[in-house]
Amino acid sequence: IFTVVLISEGVLIVQVRQLLQAHFVRAFLAWVIPVVHLKVMRHTRCAATKQLVNQPTSTTSPGTTAKAPAGAGSPPAASSTNELTLVGNDLLRVCDDLRMGLFSFVASLVGIVGGIAGLLYLVGFPALVGMLFMFGYVVFSTKVSRSIMAPIVRKETAIADSRLTTMREMVAGIQQVKYLTWEENYLQLLFNKRKQELREILRFRF
106 IFTVVLISEG
116 VLIVQVRQLL
126 QAHFVRAFLA
136 WVIPVVHLKV
146 MRHTRCAATK
156 QLVNQPTSTT
166 SPGTTAKAPA
176 GAGSPPAASS
186 TNELTLVGND
196 LLRVCDDLRM
206 GLFSFVASLV
216 GIVGGIAGLL
226 YLVGFPALVG
236 MLFMFGYVVF
246 STKVSRSIMA
256 PIVRKETAIA
266 DSRLTTMREM
276 VAGIQQVKYL
286 TWEENYLQLL
296 FNKRKQELRE
306 ILRFRF
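Take a look at the structure:
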């Protein structure tokens, strides 16, 4: 009987994991990605229409050239493409986290309910004392870990933001960087920032 129970548990775990991590997440992606893309395109279209409506009309003579307004830098198509790319990356990352975390959540929930039911059935109501102690220990360890981790996470985030800001500056001013031959300087700066970021990560991990 014990062997049959173990085999059945393994088969059910594989089936539930396949159902949650593959079928559910794939159906969720097929539903949410078109909806979010439609919302982004609609918002971009409304913003572009509002920009065209608010754009002042040119009153200069044919022989003179009108100065472009300050807000007419990037075309709406490029802005829409950038927004769609960012949204797509965020959706894929969220769905990947959902794919890995959904099964863990369901397995933890089933394990907690089954464990409590088994303890009450085997031990009785005295098992509640042990469960209360375990709950208090979990709450205490969570608060202690958060108080320790919060400054470390803030420091790592600040270092990563500094590196990404430098990279965005280099990409935004790539023409000036190429013209003034600042490639080596920026590469060295990015190397130093990445080295500092990895040093903080390794110091915390080990």
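Residue 106 is where the sequence shown starts when you use our numbering, and the numbers rise one by one after that. Here a beta-carbon is modelled for each residue, glycine too, at the ideal position from N, C-alpha and C.
Uninterrupted alpha helix (DSSP H) stretches at least 4 residues long and entirely within the region 236-302 occur at 279-284, given in chain order. In this structure Ala-255 is not in contact with Glu-302, their Cβ atoms being roughly 18 Å apart against a cut-off of 8 Å. Contact check for Arg-268 against Arg-304 fails: the beta carbons are separated by 8 Å or more. In this structure, the alpha-carbon of Gly-241 lies about 16 Å from that of Ile-221.
In this model, Phe-238 and Thr-247 are separated by some 14 Å (Cα to Cα). Here Leu-227 is exposed. Its C-beta has fewer than 16 other C-beta atoms within 10 Å. The count of Cβ pairs closer than 8 Å, one atom from the region 198-212 and one from the region 119-135, reaches three, so the stretches are in contact. Rounded to the nearest angstrom, the Cβ distance from Thr-271 to Leu-295 is 6 Å, consistent with a contact under 8 Å.
Excluding five sequence positions before and after Leu-207, the CB atoms of its chain that fall closer than 8 Å to its own CB belong to Leu-125, Gln-126, Phe-129 and Val-130, given in chain order. Cβ-Cβ distances below 8 Å link Lys-283 to nothing in the same chain once the five nearest sequence neighbours on each side are left out. In the three-state reduction of the DSSP assignment, Gly-220 falls in the helix class. Less than 8 Å separates the beta-carbon of Cys-200 from that of Leu-134. Annotation: Met-275 to Tyr-291 spans about 7 Å, alpha carbon to alpha carbon.
Here DSSP, grouped into helix, strand and coil, assigns Pro-231 to coil.
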